[in-house]
Amino acid sequence: MIDIEGEEKRVVRMQTRPRSNLDILLQTFIRLDGDLTIIGDEEPYLFPVCQETIPSAFYSLEEAMVHLDTIATAAHGICRNIVIMADKMITCDRPELEAMDADMRNCLACAYSRMIPIDEEQEARLEKIKTDMNAWMPALAFLPVTQAQESAQLLTQIHFFYTWFTVLSWRDENEMLVDRFDGQFDHILTLAERYVKIHGSFLSPDGTDSRSASSALTRQAFTVGTDLVTCINMIGFKSRNGKVRRRCVRLLQTINLAGVFDGHYLAAFTQTVIDLEERKARAINGLPPDVDLLCHQVPEEARLVEIELSPISHMVEEKSFYKKDSGRLIYVYFKDLDTRELDVSQEIFSVQRPMSAAKGATCPHWCGEWDDAFADFGEKFPTT
Numbered sequence: 001m002i003d004i005e006g007e008e009k010r011v012v013r014m015q016t017r018p019r020s021n022l023d024i025l026l027q028t029f030i031r032l033d034g035d036l037t038i039i040g041d042e043e044p045y046l047f048p049v050c051q052e053t054i055p056s057a058f059y060s061l062e063e064a065m066v067h068l069d070t071i072a073t074a075a076h077g078i079c080r081n082i083v084i085m086a087d088k089m090i091t092c093d094r095p096e097l098e099a100m101d102a103d104m105r106n107c108l109a110c111a112y113s114r115m116i117p118i119d120e121e122q123e124a125r126l127e128k129i130k131t132d133m134n135a136w137m138p139a140l141a142f143l144p145v146t147q148a149q150e151s152a153q154l155l156t157q158i159h160f161f162y163t164w165f166t167v168l169s170w171r172d173e174n175e176m177l178v179d180r181f182d183g184q185f186d187h188i189l190t191l192a193e194r195y196v197k198i199h200g201s202f203l204s205p206d207g208t209d210s211r212s213a214s215s216a217l218t219r220q221a222f223t224v225g226t227d228l229v230t231c232i233n234m235i236g237f238k239s240r241n242g243k244v245r246r247r248c249v250r251l252l253q254t255i256n257l258a259g260v261f262d263g264h265y266l267a268a269f270t271q272t273v274i275d276l277e278e279r280k281a282r283a284i285n286g287l288p289p290d291v292d293l294l295c296h297q298v299p300e301e302a303r304l305v306e307i308e309l310s311p312i313s314h315m316v317e318e319k320s321f322y323k324k325d326s327g328r329l330i331y332v333y334f335k336d337l338d339t340r341e342l343d344v345s346q347e348i349f350s351v352q353r354p355m356s357a358a359k360g361a362t363c364p365h366w367c368g369e370w371d372d373a374f375a376d377f378g379e380k381f382p383t384t
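Residues 1 to 384 in this note's numbering are what the sequence shown lists, from first letter to last.
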């Protein structure tokens, strides 16, 4: 345990060029650590650090991922610290928090973390992370692309986007600002669809399974050690483009998360978020249910500010609540847009599972040929 900015961390010093099998194992465990975020662990168990500076050009995807892992962990740390500050601040102003369960309170604190003032030290840490991400992008662009590494290349982009979006949007006080990422949501989701297809989703462009009904859509636990599922789930929440959101739900249903989580549980959770927002947006705009909504048709008063997945009862063993046939969506919304007062509520959702992973599962339309090479990778992402 090493003291990092006043907290004891299980620090792991990463090597960009592994010198032993232990170095390779450490990289693997760091990435497995990220899977804990699906089941609600507050912070990674391990804290990777890399003392090497980000080069002007990476020599391999492994080097790029080591630097990205350290950036992502640092980003998680600063965001968590701001949430803790927000929780302490609102506790003084809102005595009713004492009656809330831990998940509802955490969701509310996450929402308020966008709005509270932060000191110069926290601002400097955020800017350092942004600077590192802006250095990381062009370094990756110079890396030669090979067909054999396509799968790893896709994951690298998805992992970067998830971290990059989190950092750039964390302090957005207005949920409408997230619409600036609309094009990137579509692009990254297309990469995620391609990655799933590479790993065994034998589906035709019309969304039907091209194999026998008894065949699994993807091999079990193929997403372990990646940010794939958390990124898809995030896009399903943050994108207000109806077509993109449906693709996220269908993709979650396609992925075999057996042994880690349950894709149908996550899909039901995401669909509940979509239904809550779109129902209110249609009522505000007088739109019929068969119209695909675009970002500008979902006003701020219809948008959820923050969400959290939670078991219906905390008597259920926390690590296995996703095996149940129902769950709880906790969400924060603007109670008053003028005063920017936030409130927290919940929605119970049901989980519909097919008899097998293949029966009844659908998949989104697979977008055309992937022609977005790393050479123009940096152009796909704004830096503010």
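Using N, Cα and C, we set each Cβ at its ideal position, and we do this for glycine too. Since we're looking at a predicted model, the values are computed, not measured.
Close Cβ partners of residue i (< 6 Å) along its chain, the five nearest in sequence each way excluded
i: D292; result: G242, K243
i: P262; result: Note that residue 262 is Asp in the sequence shown, not Pro. Excluding positions up to five away in sequence, the list reads Y322.
i: F142; result: A57
i: A267; result: V249, L252, Q253
i: E341; result: K335
i: W370; result: Only weak support is given to the placement of W370: the predicted model assigns it a pLDDT of 33, under 50, and the value that follows is read from those uncertain coordinates. Cβ within range, chain order: R194.
i: R105; result: L97
Where residue i falls: helix, strand or coil (DSSP)
i: Y195; result: helix
i: D182; result: helix
i: R328; result: strand
i: I118; result: coil
i: F269; result: helix
i: A333; result: In the sequence on display, residue 333 carries Tyr and not Ala. Strand at Y333.
i: E52; result: coil
i: I312; result: coil
i: V344; result: strand
i: E96; result: helix
i: F321; result: helix
i: F237; result: helix
i: I255; result: coil
i: F349; result: strand
i: E173; result: coil
Exposure label - residue i; buried when at least 16 CB within 10 Å
i: I90; result: buried
i: A74; result: buried
i: L68; result: buried
i: I330; result: buried
i: D227; result: buried
i: Q352; result: exposed
i: H76; result: buried
i: E121; result: exposed
i: C110; result: buried
i: R245; result: buried
i: R247; result: buried
i: A283; result: exposed
i: E278; result: buried
i: S423; result: The displayed coordinates of the chain run from 1 to 384. Any statement about residue 423 would go beyond what the structure contains.
Beta-carbon proximity list for residue i, same chain, < 8 Å, skipping 5 on both sides
i: E347; result: T272, L276, R328, L329, Y331
i: E300; result: N174, E175, M176, F334, L337
i: K238; result: F165, S169, V178, F181, F185
i: M100; result: L108, V344
i: I188; result: Q157, I158, F161, C231, I235
i: L294; result: R240, N241, G242
Inter-residue spacing [alpha-carbon to alpha-carbon] between residue i and residue j
i: W170; j: I129; result: 13 Å
i: A192; j: R94; result: 41 Å
i: E96; j: A281; result: 29 Å
i: S310; j: V249; result: 18 Å
i: L61; j: P144; result: 10 Å
i: I307; j: C107; result: 6 Å
i: N256; j: I232; result: 14 Å
i: A258; j: L304; result: 29 Å
i: P55; j: A139; result: 6 Å
i: D87; j: M115; result: 12 Å
i: I274; j: N134; result: 32 Å
i: T339; j: F161; result: 32 Å
i: Y265; j: S320; result: 12 Å
i: G236; j: V229; result: 11 Å
i: Q149; j: M137; result: 18 Å
i: I312; j: D103; result: 11 Å
i: T387; j: D172; result: The requested residue 387 does not occur in the structure, where the chain is confined to residues 1 to 384.
i: D119; j: P288; result: 47 Å
i: R80; j: T190; result: 29 Å
i: G183; j: R240; result: 11 Å
i: T53; j: A72; result: 15 Å
i: I84; j: E123; result: 15 Å
i: L126; j: I82; result: 11 Å
i: V167; j: P117; result: 16 Å
i: D290; j: V260; result: 35 Å
i: A302; j: S151; result: 37 Å
Contacting residues, own chain, Cβ-Cβ under 7 Å from residue i (five flanking each side not counted)
i: F269; result: L309, G327, L329, F349
i: N285; result: Q297
i: D132; result: I54, I71
**Message:** Three or more C-beta pairs under 8 Å: does that hold for the segment 152-159 against the segment 57-66?
**Reply:** Segments in contact, yes.
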